[in-house]
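Asker:
In our numbering, the protein residues as written are 717 to 802.
1. Taking the beta strand (DSSP E) that residue 773 belongs to, which residues open and close that run?
2. Quick check: what's the CA-CA separation for residue 751 versus residue 760?
3. Can you tell which of 800, 734 and 768 has the C-alpha that lies nearest to the C-alpha of residue 744?
4. So the beta strand (DSSP E) residue 738 belongs to, where does it begin and stop?
5. To the nearest angstrom, report how far apart residue 725 and residue 753 are at their CA atoms.
6. Just curious, the beta strand (DSSP E) that residue 748 is in, first and last residue?
7. Give the straight-line distance between the Cα atoms of residue 728 and residue 783, rounded to the nearest whole angstrom.
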């Protein structure tokens, strides 16, 4: 997997998925500047090239993903509908 700016990946940090801002390659290490999806905290992490295989691509920033649980979406939509009625 090649890392590009704008990708949303999982397993870089244990607490949340991150959006990649910048990727720099050094011999056998890669520097990844990222921003947390939920916390919006930014940081930089150096990882070995071999660790790229452990990262999981979730989606691209601004791209819609329809892989969620439809039952949970239905509950959320119904809750929002009821909330907006009051």
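Ideal Cβ placement from N, Cα and C applies to all residues, glycine included.
Answerer: A quick look at the data gives this:
1. 772 to 776
2. 9 Å
3. 768
4. 734 to 742
5. 10 Å
6. 745 to 752
7. 21 Å
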